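S.K.: 394 is the number of the first residue of the sequence shown in the working numbering; add one for each residue after it.
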Amino acid sequence: MGDHRRNDVPQKKWSALRLSIKMNRALFNIACLLAIGCSFYGCQKKGIRNLNVTEGKKFNALQFTKIWETDLYGRWCLACPNGVVGNEILDRNNREYKFIHYDYAGNIIKERRVAAGQGPDEIQVIGLDTVWLSPSGKIHCIDNDYLKTIDPETLEIETLAKLSNVIDGYGGRFTLGRISGTSLEERDGRIVTSFESSGFPYDFEYYLVGWTGVFEKFSVFATEKKEKPWTWKKLEESRGKERLENYVDYYGRLRLERIFSVDWKRGMVYLIPDIEKPEVSRIDLANGRGERYRIDIDPGKFKIEREEFDSYYEYAAGETPDILKQRFKSILYIPPHAPALMGVMVVRERLLLITGNRNWKKGENQALIYRLPDLRYEGSFFIPYSNGQKTKWYDPFYINVNRINKDDGYSWRYEIYRIGDDFDDINSNLGGLRASSAKGGLTVGKKR
């Protein structure tokens with residue numbers, strides 16, 4: 394009888410070899426499936442999904458139409474039902490302000506001088522990020538430790554509450570912010586914003602918070618963290634020198650800004666964790682759970698304009714008191730490229746991600762458009778964007794604030810746009826807000 398053994402290899406070894414081959418084939422098939430899944434879902438990194446960008450795909454279903462503009466040395470302007478209300482700083486020591494009520498043709502309806510202070514009929518310091526139009530039609534603002542209202546018609550001030558009296562932990566665990574600014578949005582009486590932790594200058598932690606009414610049902614629903622600015626590290630390294638080294642960073646304010654927008658329909662917050670990274674977080678308002686998305690862009694291609702940086706350096710020098718100039722040596726920092734992301738807006742059924750890709754001559758930045766809720770890419774277009782990184786969005790208005798150089802120094806140019814989409818023909822229905830003789834009448838976001 395013939396020998397049925399194969400090259401003297403024991404049968405057990407052949408069985409093990411066949412099993413190994415089968416396992417390798419199975420592992421290969423699983424790897425292929427995972428690769429296909431990762432390609433589909435964009436899981437380049439663990440826990441991070443991709444948002445695709447189709448090069449050259451244009452978007453034209455949103456229109457930004459300018460309805461009002463003025464030059465004002467002030468901190469804020471808001472579009473209201475019966476015109477625009479803003480404030481003007483009357484002296485550089487911030488001892489007195491003036492409230493101004495304009496109509497949409499640019500005419501002044503009413504003015505009122507206001508003393509700087511914390512009294513019931515006084516205002517201390519409020520900026521564009523901490524003032525908003527409430528559903529009641531009144532302007533609300535958080536002024537240091539107080540919630541106040543401003544009547545758009547009479548320009549009278551009313552103090553509603555002291556934050557430390559109505560929010561448990563305010564002033565100890567957290568504050569609205571002394572170092573950085575924040576987004577703040579309201580819908581149907583519910584407000585979402587962010588507070589700095591008490592240790593923010595050291596740990597850079599902040600909290601996403603929400604409430605209704607006058608701080609009713611207040612809650613902290615998520616904790617986030619900023620990267621420590623490298624300019625701070627440079628400043629610390631220069632300690633011990635005769636003059637501390639202060640690097641003037643064009644994007645410095647934006648690096649610490651807590652930037653987000655709310656998808657109220659689906660209860661989600663879209664947040665930019667770090668402007669240098671092409672990433673956005675989506676956080677659930679109900680439970681604080683989040684996921685991160687990576688946008689398929691290369692910020693290394695986003696060019697900067699040296700002339701604009703020089704202009705900002707001159708502006709910063711002019712705003713710096715002489716006593717600080719003696720202590721600090723200012724150095725202009727020129728980055729290799731613009732940041733990846735500089736803003737985010739949820740406009741009805743769409744997510745707008747404002748990139749650092751800028752047309753410096755026109756003062757416009759590229760916005761990437763994603764359909765909600767599936768985040769399907771719809772294209773891109775350029776929208777007005779501030780050279781001082783000062784913007785505000787509340788439906789249907791977009792406020793853009795540019796730093797301008799005048800003969801007597803620097804001031805701010807406030808532009809208010811009304812946003813229309815493919816469900817709202819902005820050219821036929823401005824909701825009673827007619828530009829009349831307002832400057833410009835510019836429409837962007839469609840063929841011009």
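Beta carbons: idealized from backbone N, C-alpha and C, even for Gly.
Small disclaimer: the values here were computed from a predicted structure and weren't measured.
Can you name the residues that DSSP bridges to R751?
M.R.: Paired residues: N758.
S.K.: What does a CB cutoff of less than 8 Å around R659 pick up in its chain, not counting 5 residues either side in sequence?
M.R.: The answer, listed in chain order, is L765 and P766.
S.K.: Got a sec? Which residues, its chain only, sit under 8 Å from L647 by beta carbon, not counting five neighbours each side?
M.R.: The answer, listed in chain order, is I668, P732, M735 and Q782.
S.K.: So, under 8 Å CB-CB, E598 and S587 are touching, yes? Tell me the CB distance rounded to an integer number of Å.
M.R.: Incorrect: roughly 11 Å between the Cβ atoms, too far for contact.
S.K.: Which residues in the same chain as N820 place their Cβ atom closer than 8 Å to its Cβ, once the five residues preceding and following it in sequence are excluded?
M.R.: Note that N820 has pLDDT 39, beneath the 50 cutoff, so the model's placement of it is unreliable and no number is given.
S.K.: Express the C-alpha separation of N780 and K450 in angstroms, rounding to a whole number.
M.R.: Taking the straight line from one Cα to the other gives about 26 Å.
S.K.: Given a threshold of 16 other Cβ atoms within 10 Å of its Cβ, counted over all protein chains shown, does P474 qualify as buried or as exposed?
M.R.: P474 should be labelled exposed.
S.K.: Take D613 as the anchor and find which of P622, L637, A679 and I690 has the nearest alpha-carbon.
M.R.: Per the sequence shown, the amino acid found at residue 613 is Val instead of Asp. Among P622, L637, A679 and I690, the Cα nearest to that of V613 belongs to A679.
S.K.: Thinking C-alpha only, which one of N798, W786, R580 and L744 is nearest G337?
M.R.: Past the boundaries of the shown model lies residue 337; the chain is included only from 394 to 841, so the question cannot be answered.
S.K.: Identify whether F593 lies in helix, strand or coil by the three-state DSSP scheme.
M.R.: Here F593 sits in helix by DSSP.
S.K.: Can you tell me the Cα-Cα spacing of Y434 and R769, whole angstroms?
M.R.: In this predicted model, Y434 has a pLDDT of only 38, less than 50, meaning its place in the structure is not dependable; the value taken from the coordinates is given anyway. Roughly 12 Å between the two C-alpha positions.
S.K.: Sort F775, D801 and Y807 by Cα distance to K785 and report the nearest one.
M.R.: Cα-wise, what sits closest to K785 is Y807.
S.K.: By Cβ distance below 7 Å, which residues in the same chain neighbour V446 in space, the five residues on each side in sequence not counted?
M.R.: Excluding residues within five positions, the ones whose Cβ falls inside 7 Å are I688, D689, I690, L761 and Y770.
S.K.: Give me, in chain order, the residues of the same chain whose beta-carbon lies closer than 7 Å to that of R796; leave out the 5 immediate sequence neighbours on both sides.
M.R.: Around R796: Y708, N780, G781, Y803 and W805.
S.K.: Would you say P622 reaches chain B, if we count a Cβ-Cβ gap shorter than 8 Å as a contact?
M.R.: You won't find chain B in this structure, because it holds only one protein chain.
S.K.: Cα separation between V842 and P692?
M.R.: Outside the displayed range of the chain (394 to 841) lies residue 842, so it cannot be described from this structure.
S.K.: In three-state DSSP terms, what is T713?
M.R.: T713 falls in the coil class under three-state DSSP.
S.K.: In whole angstroms, give me the CA-to-CA distance for Y778 and E551.
M.R.: Whole-angstrom Cα-Cα distance: 33 Å.
S.K.: Rounded to whole angstroms, what's the CA-CA distance from Y726 to G476? Just pull it up for me.
M.R.: Spanning the two alpha carbons is a distance of roughly 40 Å.
S.K.: Any idea if G606 is buried or exposed, counting beta-carbon neighbours within 10 angstroms, 16 or more meaning buried?
M.R.: Label assigned to G606: exposed.
S.K.: Could you give the distance in angstroms between the alpha-carbon of F608 and the alpha-carbon of N500?
M.R.: In a straight line, the C-alpha of F608 is about 36 Å away from that of N500.
S.K.: Helix, strand or coil: which one does DSSP assign to D581?
M.R.: The answer is coil: DSSP assigns D581 none of H, G, I, E or B.
S.K.: Please name the residue or residues paired with Y539 in a DSSP beta bridge.
M.R.: D536 and K555, per the DSSP bridge assignment.
S.K.: Count the other C-beta atoms from every protein chain shown that fall within 10 angstroms of the C-beta of P545, then say buried if there are 16 or more, exposed otherwise.
M.R.: Looking at its Cβ environment, which holds 16 or more other Cβ atoms inside 10 Å, P545 is buried.
S.K.: Whole angstroms are fine: how far does the CA of G565 sit from the CA of K696?
M.R.: C-alpha separation (whole angstroms): 42 Å.
S.K.: Let me know the secondary structure DSSP gives T625 once reduced to three states.
M.R.: Looking at the sequence provided, one finds Trp at residue 625 rather than Thr. Correct three-state label for W625: helix.
S.K.: For K718, which three-state DSSP category applies?
M.R.: K718: helix per DSSP, three-state reduction.
S.K.: Return the chain-ordered list of same chain residues with a C-beta closer than 7 Å to the C-beta of E481, the five sequence neighbours on each side being excluded.
M.R.: Only L465, Y466, G467, Y490, K491 and I493 meet the Cβ criterion.
S.K.: Can the beta-carbon of I560 be found closer than 8 Å to that of P594?
M.R.: No, the Cβ-Cβ distance between I560 and P594 is not below 8 Å.
S.K.: So is V716 buried or exposed if we call it buried at 16+ other beta carbons inside 10 Å?
M.R.: The question names Val, but residue 716 in the sequence shown is Ile. Exposed, because fewer than 16 other Cβ atoms sit within 10 Å of the Cβ of I716.
S.K.: For R468, report the span of its beta strand (DSSP E) as first-last.
M.R.: Run containing R468: none; DSSP gives neither H nor E here.
S.K.: Using only CA atoms, which one of Y787, D788 and T748 lies nearest to I776?
M.R.: I776 has its Cα closest to that of T748, out of Y787, D788 and T748.
S.K.: Going by the DSSP bridge assignment, what does P777 pair with across the sheet?
M.R.: Answer by DSSP bridge pairing, in chain order: E757.
S.K.: Which same chain residues end up closer than 6 Å to E617 when comparing Cβ atoms and leaving out the 5 residues on each side of it in sequence?
M.R.: Around E617: Y599.
S.K.: I need the straight-line Cα distance from E672 to G633, nearest angstrom please.
M.R.: Spanning the two alpha carbons is a distance of roughly 38 Å.
S.K.: Let's test the definition: count the other Cβ atoms within 10 Å of the Cβ of D536 and tell me whether it reaches 16, buried, or not, exposed.
M.R.: D536 is buried by the Cβ-count criterion.
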